[in-house]
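Engineer: Have a look at this one.
Residue numbers (this note's numbering): 5 to 194.
Listed below in structure tokens is the structure:
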């Protein structure tokens with residue numbers, strides 16, 4: 005739920021499941037960056053945001069803080085005017101670390117998802133460091149494209165698969181950290 009303040013709607017970073025850059029075409033540029041590279045920069049800016057995690061009570065049972073979830077990153081366009089799929093793959097392949105794209109869709113060309121190699125290092129105890137390490141250490145294996153005539157439904161199925169099987173419910177927000185930013189103490193004796 006957005007939090008309005010002075011006409012601006014804020015969304016806590018913990019509530020972000022995905023970030024998609026929307027452009028008219030996969031081919032194109034803004035400020036000297038290809039649209040795909042520009043999307044990677046936007047994705048990185050969201051993935052880099054500080055997120056918190058705290059314990060939570062579910063059906064009367066207290067559970068420890070869960071690890072931070074991945075944030076899906078992608079690009080959405082209505083068209084693709086690149087002549088070759090390999091060109092798209094090369095642009096996406098250049099995006100490393102937090103800039104990496106997970107999926108996308110060019111409606112008249114096809115949806116795609118990027119297969120990555122890599123696992124979270126469960127020995128890292130700092131939640132932010134653990135998730136950053138995951139993105140920095142993973143590598144791109146291949147990109148799978150759907151047929152153009154099923155691009156939207158393919159994109160939808162892949163997005164739902166990520167949300168259901170890879171992310172699930174995001175971590176509980178540590179409201180104490182937010183309250184400290186405004187010099188407010190939350191009742192800890194609840």
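For each residue, glycine too, the CB sits at the ideal point set by N, CA and C. Note that the structure is predicted; figures quoted are calculated from it, not measured.
Would you identify the three-state DSSP class for residue 18, choosing helix, strand or coil?
Structural biologist: Here residue 18 corresponds to residue number 14 of the chain shown, with the count starting at 1. Correct three-state label for residue 18: helix.
Engineer: Below 8 Å on the Cβ atoms is my guess for residue 71 versus residue 58; work out the distance and round it to an integer in Å.
Structural biologist: Walking along the chain shown from the start, residue 71 turns up at place 67. Walking along the chain shown from the start, residue 58 turns up at place 54. Contact doesn't hold; Cβ gap of about 12 Å is too wide.
Engineer: For residue 174, which residues in the same chain have their Cβ closer than 7 Å to its Cβ, ignoring the five residues on either side in sequence?
Structural biologist: In the chain shown, residue 174 corresponds to position 170, counting from 1. Contacts found: 18, 19, 21, 73.
Engineer: Flag this pair as touching only if the stretch 82-99 and the stretch 124-133 have three or more C-beta atom pairs under 8 Å; answer yes or no.
Structural biologist: No: the two stretches stay apart, fewer than three of their Cβ pairs being nearer than 8 Å.
Engineer: Return the first residue and the last residue of the alpha helix (DSSP H) that residue 133 is part of.
Structural biologist: On the chain shown, position 129 is the one that residue 133 refers to. That run of the alpha helix (DSSP H) goes 131-141.
Engineer: Between the alpha carbons of residue 25 and residue 31, how many angstroms are there, rounded?
Structural biologist: Along the chain shown, one-based indexing puts residue 25 at 21. Along the chain shown, one-based indexing puts residue 31 at 27. Taking the straight line joining both Cα atoms gives about 13 Å.
Engineer: Determine the DSSP secondary structure at residue 86, reduced to helix, strand or coil.
Structural biologist: Mapped onto the chain shown, residue 86 falls at position 82. The answer is coil: DSSP assigns residue 86 none of H, G, I, E or B.
Engineer: Measuring alpha carbon to alpha carbon, tell me which of 61, 76, 66 ends up nearest residue 51.
Structural biologist: Indexing the chain shown from 1 puts residue 51 at position 47. Checked all of 61, 76, 66; the closest Cα to residue 51 is 76.
Engineer: Round the Cβ separation of residue 23 and residue 46 to the nearest angstrom and send it over; I've been treating them as touching at under 8 Å.
Structural biologist: Locating residue 23 in the chain shown gives position 19, counting from the first residue. Locating residue 46 in the chain shown gives position 42, counting from the first residue. So it is a contact: roughly 7 Å between Cβ atoms.
Engineer: Go ahead and label residue 105 buried or exposed: buried means 16 or more other beta carbons lie within 10 angstroms of its beta carbon, across all protein chains shown.
Structural biologist: By one-based count along the chain shown, residue 105 stands at place 101. Classification of residue 105: buried, given that the 10 Å Cβ count is 16 or more.
Engineer: With a Cβ-Cβ cutoff of 8 Å, do residue 83 and residue 43 count as a contact?
Structural biologist: Along the chain shown, one-based indexing puts residue 83 at 79. Along the chain shown, one-based indexing puts residue 43 at 39. No; because the gap between Cβ atoms is not below 8 Å, this pair is not in contact.
Engineer: Out of curiosity, what's the CA-to-CA distance linking residue 41 and residue 188?
Structural biologist: For the purposes of this step, residue 41 is taken as residue 37 along the chain shown, with counting starting at 1. For the purposes of this step, residue 188 is taken as residue 184 along the chain shown, with counting starting at 1. So the two alpha carbons sit approximately 40 Å from each other.
Engineer: Just the C-alpha distance for residue 80 and residue 27, rounded to the nearest angstrom, thanks.
Structural biologist: Taking the chain shown and counting its residues from 1, the one referred to as residue 80 is at position 76. Taking the chain shown and counting its residues from 1, the one referred to as residue 27 is at position 23. Each residue's alpha carbon lies about 6 Å from the other.
Engineer: Would you say the stretch 159-174 touches the stretch 118-125, given that touching needs at least three Cβ pairs under 8 Å?
Structural biologist: Cβ pair count under 8 Å is below three, so no.
Engineer: Just the Cα atoms here: how many angstroms apart are residue 150 and residue 115?
Structural biologist: Within the chain shown, the letter at position 146 stands for residue 150. Within the chain shown, the letter at position 111 stands for residue 115. For residue 150 and residue 115, the distance between alpha carbons rounds to 5 Å.
Engineer: Bridge partners of residue 108, per DSSP?
Structural biologist: Residue mapping note: residue 108 aligns to position 104 of the chain shown, counting from 1. The partner list for residue 108 (beta bridge, DSSP) reads 79, 116.
Engineer: Write down the C-beta distance between residue 113 and residue 176 rounded to the nearest angstrom, noting that I regard them as a contact closer than 8 Å.
Structural biologist: As a first step, residue 113 must be located in the chain shown, where it is residue number 109. As a first step, residue 176 must be located in the chain shown, where it is residue number 172. About 39 Å separates the two Cβ atoms, so there is no contact after all.
Engineer: Of the residues 125, 60, 148, which one's Cα is nearest the Cα of residue 89?
Structural biologist: Along the chain shown, one-based indexing puts residue 89 at 85. Of 125, 60, 148, the residue nearest in Cα terms is 148.
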